[in-house]
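Asks: Taken in order, these protein sequences are the chains called A and B.
Using the working numbering, the first residue of the first sequence is number 293, and each one after it goes up by one.
Using the working numbering, the first residue of the second sequence is number 109, and each one after it goes up by one.
Yeah, the Cβ is synthetic: ideal placement off N, Cα and C, and Gly gets one too.
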Amino acid sequence: MQDNEEYIIEFKNISKTYSEGVDALDDISFSIKKGEFVFIVGPSGSGKSTLIKLLLKEIEPTSGTIKVSGKDSSKIKRRNIPKYRRNIGVVFQDFRLLGDRSVFENVALAQRVIGAPKWRIEKNVASVLSMVGLTEKLMTNPNELSGGEQQRVALARALVNRPGILLADEPTGNLDPKNAWSIMELLDEVNKLGTTVIVVTHNPEVVDMMQKRVIAVNAGKLTHDESKGGYAYERY
Amino acid sequence: MKGINVLLYSLKQGIKNIRQNGLFTLASVGTISACLFLFGIFYFIVSNFQYMVKNAETSVGVTVFFDEGISDETIQAIGDNIRNREEVIEVKFVSAEEAWENFKKDVFSDEENEISETFGADNPLKDSASYEVYLNDVSRQGSLIKYIKKLDGVREVKGSAEAARGLGNINRLVGYVSAAIIIILLAVSVFLINTTVSMGIVVRKEEIGIMKLVGATDSFIRLPFVIEGVVIGIIGAVIPLIVLRFMYSGIISFIADKFAVLSDILVFLDAGKVFGILIPVSIAVGVGIGFAGSLWTMRKHLRV
Chain A
293 MQDNEEYIIE FKNISKTYSE GVDALDDISF SIKKGEFVFI VGPSGSGKST
343 LIKLLLKEIE PTSGTIKVSG KDSSKIKRRN IPKYRRNIGV VFQDFRLLGD
393 RSVFENVALA QRVIGAPKWR IEKNVASVLS MVGLTEKLMT NPNELSGGEQ
443 QRVALARALV NRPGILLADE PTGNLDPKNA WSIMELLDEV NKLGTTVIVV
493 THNPEVVDMM QKRVIAVNAG KLTHDESKGG YAYERY
Chain B
109 MKGINVLLYS LKQGIKNIRQ NGLFTLASVG TISACLFLFG IFYFIVSNFQ
159 YMVKNAETSV GVTVFFDEGI SDETIQAIGD NIRNREEVIE VKFVSAEEAW
209 ENFKKDVFSD EENEISETFG ADNPLKDSAS YEVYLNDVSR QGSLIKYIKK
259 LDGVREVKGS AEAARGLGNI NRLVGYVSAA IIIILLAVSV FLINTTVSMG
309 IVVRKEEIGI MKLVGATDSF IRLPFVIEGV VIGIIGAVIP LIVLRFMYSG
359 IISFIADKFA VLSDILVFLD AGKVFGILIP VSIAVGVGIG FAGSLWTMRK
409 HLRV
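1) Could you work out which residues of chain B lie near A/Gly407, taking near to mean beta carbons separated by less than 9 Å?
2) Look at the alpha carbon of A/Thr342 and the alpha carbon of B/Lys408, and state the distance between them as a whole number of angstroms.
3) Along the region 305-317 of chain A, what residues have a CB closer than 7 Å to any CB found in chain B?
4) In or out: B/Phe367 buried (at least 16 other Cβ within 10 Å) or exposed?
5) Please report the straight-line C-alpha distance between B/Ala204 and B/Lys162, rounded to a whole angstrom.
6) With distances taken Cα to Cα, identify the nearest neighbour of A/Asn433 among A/Val417, A/Glu441, A/Ser394.
7) Which residues in the same chain have their Cβ closer than 6 Å to the Cβ of B/Tyr117, if we skip the five residues on either side of it in sequence?
8) Looking only at its chain, what residues have a beta carbon closer than 8 Å to the beta carbon of A/Glu352, apart from the 5 residues adjacent to it on each side?
9) Based on DSSP bridge pairs, tell me the residues matched to A/Phe329.
10) B/Gly344: buried (16+ other C-beta within 10 angstroms of its C-beta) or exposed?
11) Tell me the residue span of the beta strand (DSSP E) that contains B/Tyr242.
12) Between the region 288-318 of chain B and chain A, which residues of the former have CB atoms less than 8 Å from a CB of the latter, in chain order?
13) By alpha-carbon positions, which one of B/Val298, B/Ile329, B/Leu386 ends up nearest to B/Lys313?
14) Please classify B/Thr325: is it buried, with 16 or more other beta-carbons within 10 angstroms of its beta-carbon, or exposed?
15) Determine which residues of the region 130-154 of chain B have a Cβ less than 9 Å from any Cβ of chain A, and write them out in chain order.
16) Spatial neighbours of A/Tyr528 within its chain, please: CB distance less than 6 Å, with the 5 preceding and 5 following residues excluded, ordered by chain position.
17) Counting only beta-carbon atoms, is B/Gly394 nearer than 8 Å to chain A?
18) In the DSSP output, which residue or residues are listed as bridge partners for B/Asp326?
19) Answer with buried or exposed for B/Asn125, where buried requires no fewer than 16 other C-beta atoms within 10 angstroms of its C-beta.
20) By Cβ distance below 7 Å, which residues in the same chain neighbour A/Ser307 in space, the five residues on each side in sequence not counted?
21) Can you give me, in chain order, the residues of the region 318-350 of chain A that have a beta carbon less than 8 Å from any beta carbon in chain B?
22) Does the region 418-429 of chain A come close enough to the region 443-453 of chain A to have 3 or more Cβ pairs within less than 8 Å?
23) Could you give the distance in angstroms between the alpha-carbon of B/Tyr151 and the alpha-carbon of B/Phe174?
24) CA-CA distance, A/Ser519 and A/Lys359?
25) Specify whether the region 491-498 of chain A and the region 459-476 of chain A touch according to this definition: at least 3 beta carbon pairs, one from each stretch, less than 8 Å apart.
26) Roughly how many whole angstroms lie between the Cα atoms of B/Val298 and B/Leu331?
27) At 9 Å on the CB atoms, spell out the chain A contacts of B/Val382, in chain order.
28) Below 8 Å on the Cβ atoms is my contact criterion, and I expect B/Tyr239 with B/Ile178 to pass it. Report the Cβ-Cβ distance as a whole number of Å.
29) Would you tell me roughly how many angstroms separate the C-alpha atoms of A/Lys340 and A/Phe331, rounded to the nearest one?
30) Relative to chain B, which residues along the region 385-405 of chain A have a C-beta separation below 7 Å, given in chain order?
31) Within 10 angstroms of its Cβ, does A/Gln294 collect 16 or more other Cβ (buried), or is it exposed?
32) Taking only beta-carbon atoms, is B/Val285 less than 8 Å away from chain A?
33) Please state if the CB of B/Val172 and the CB of B/Val241 are separated by a distance shorter than 8 Å.
34) Could you check where the beta strand (DSSP E) with A/Leu514 kicks off and where it finishes?
35) Excluding the 5 residues flanking B/Leu293 on each side, which residues of the same chain have their C-beta closer than 7 Å to its C-beta?
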């Protein structure tokens, strides 16, 4: 019991079969400790996206139990899902920024949904933008930024509510190696501040360079879980 | 405080949606305006017609004749009994002399002097003193006549049953037709709001997705759309009200000029009375269709 409490995420015997009969995950179990940095790797169609959707409670598992911060996620009522998601910051490959508003407004959106007052929004957005190195781009439209800068804005938005977990889905997928590396450095920095970071990626270089825990999935099965591993999931 | 911040943000977003959604907003406002304009015109017709019918109804009376040689006290008692009925608005005593004077005026207006010479001081209608009774609801004429006939000292009661029934029926028919047309117009408006908000949802699918990811509640996502619908409803109600207000006096004087012959029947309601009801009703209907239309769309398209 004592051991379980330090796990922020626990997947126990998780299987997921979609309504069309596609088996996406087959009896997967793993646990992630609070403050860990974990890569989830695997080829397309391996079940990585299903893992993310399950964690965000966009879908429910066919069988098995998912616990987040010790709580069984199946017991979370629909109306409490938004609150649950506020503890998970998400970053996507395609940034998902709103092109009709400024960098400030994009980041502030995450604060506005929790009803934060104006003064706190201004303070927190300024602080998180300074952390990702975009203080000077506060009023810029995201479309005028480079890919790397856009991903930093997305990262700032994911972090502004200070979530316990940061989930990055292919965060370097649209970036050149230099920008990719700088994003990984930022994620590492965020992790060092105590946030649990989960990165789903196809980028072998960053996985090999970072030397963090690697969970490999293939054809819906967990094929490898190594504490300081490299990419090369094909090996497992 | 949290609620106010969310409300202010939603209000801003709702108004922004309206601007961004320009053409659809314009189409919705236009159609709601058209519907409420028709509603207003219809209300003019219905309320004024009912007012005219009511006027006509009150001029449709019941005449009560008394037994021969009846005492003044009994006539007084009959009058009191009739006055105590709630459907009665006025009881007018017409003495035998007045009845004879009226008869002379109505029937022999050209030969009044001749008649006076023929009858002299005699009154051929000396037993024709009567009460003229006016009702506030013409449909209750039958029951009132039955009641009066049972009173002591009453010889005869004359009503105008056909006229009463006719007016009552027309009134009811206008009521049903107006209700049906108003329901159809409201349904069309709700459908249009639904289309506009649906378009808004499609256009902002990405934004809604992001909001869900950062932990926005259902109500936070829905509120700007509901505000958008309600604001469209209010604008759609205010525009026709302004137009109708300017039109009303013009229409009345136009009809009064064109149909001067019917000036006794064509008695119009005062603008203050018409708009005293039309303004709150139109705004409530505008807000209602805006709210109902957007909420219905949310439930249909936006499982958040």
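Replies: With the structure as the only source:
1) Going along chain B in sequence order, the residues near A/Gly407 (Cβ under 9 Å) are Met109, Lys110, Gly111, Ile112, Asn113, Val114, Tyr117, Phe328.
2) The straight-line gap from Cα to Cα measures roughly 26 Å.
3) The region 305-317 of chain A vs chain B, Cβ under 7 Å: nothing.
4) Exposed.
5) One Cα belongs to B/Ala204, the other to B/Lys162, and the distance between them is close to 29 Å.
6) Distance from the Cα of A/Asn433 is smallest, within the candidate group A/Val417, A/Glu441, A/Ser394, for A/Ser394.
7) If we look at B/Tyr117 and ignore the five residues flanking it on each side, it has no Cβ neighbours.
8) Same-chain partners within the cutoff: Leu346, Ser366.
9) Its beta-bridge partners are A/Val489.
10) By the 16-neighbour rule on beta-carbons within 10 angstroms, B/Gly344 is buried.
11) Counting along the chain, the beta strand (DSSP E) containing B/Tyr242 begins and ends at 238-243.
12) Flagged, chain order: Glu314, Glu315, Gly317, Ile318.
13) Proximity to B/Lys313 across B/Val298, B/Ile329, B/Leu386 peaks at B/Ile329, based on C-alpha coordinates.
14) Buried: at least 16 other Cβ atoms inside 10 Å.
15) Answer in chain order: no residues at all.
16) Here A/Tyr528 scores only 44 on pLDDT, less than 50, and its place in the model is too uncertain to base an answer on.
17) No - not a single Cβ of chain A is within 8 Å of the one on B/Gly394.
18) Residue pairing for B/Asp326: DSSP places it in no beta bridge.
19) By the 10 Å Cβ count, B/Asn125 comes out buried.
20) Only residues of its own chain outside the window of five on either side were considered, and among them Leu317, Asp318, Asp319, Pro353, Thr354, Ser355, Gly356 have a CB closer than 7 Å to the CB of A/Ser307, listed in chain order.
21) Listed in chain order, the positions of the region 318-350 of chain A with a beta carbon within less than 8 Å of a beta carbon of chain B are Leu348.
22) Enough Cβ pairs lie closer than 8 Å, so yes.
23) When rounded, the distance between both Cα atoms is 44 Å.
24) Those two C-alpha atoms are separated by around 21 Å.
25) Taking 8 Å as the limit for Cβ pairs, the verdict is that the region 459-476 of chain A does touch the region 491-498 of chain A.
26) B/Val298 and B/Leu331 have their C-alpha atoms some 18 Å from each other.
27) Taking a Cβ-Cβ threshold of 9 Å, none of the residues of chain A is close to B/Val382; the smallest such distance is about 44 Å.
28) Cβ-Cβ separation between B/Tyr239 and B/Ile178: approximately 12 Å, too far for a contact (criterion under 8 Å).
29) When the Cα atoms are used, A/Lys340 and A/Phe331 turn out to be separated by approximately 11 Å.
30) Residues Arg388, Leu390, Leu401, Ala402, Arg404, Val405.
31) No answer about A/Gln294 holds up, because its pLDDT of 43 lies below 50 and its placement is not dependable.
32) For B/Val285, the closest Cβ of chain A is not nearer than 8 Å.
33) Yes.
34) Taken as a continuous stretch (DSSP letters only), the beta strand (DSSP E) holding A/Leu514 covers 513-518.
35) Around B/Leu293: Cys143, Leu146, Phe147.
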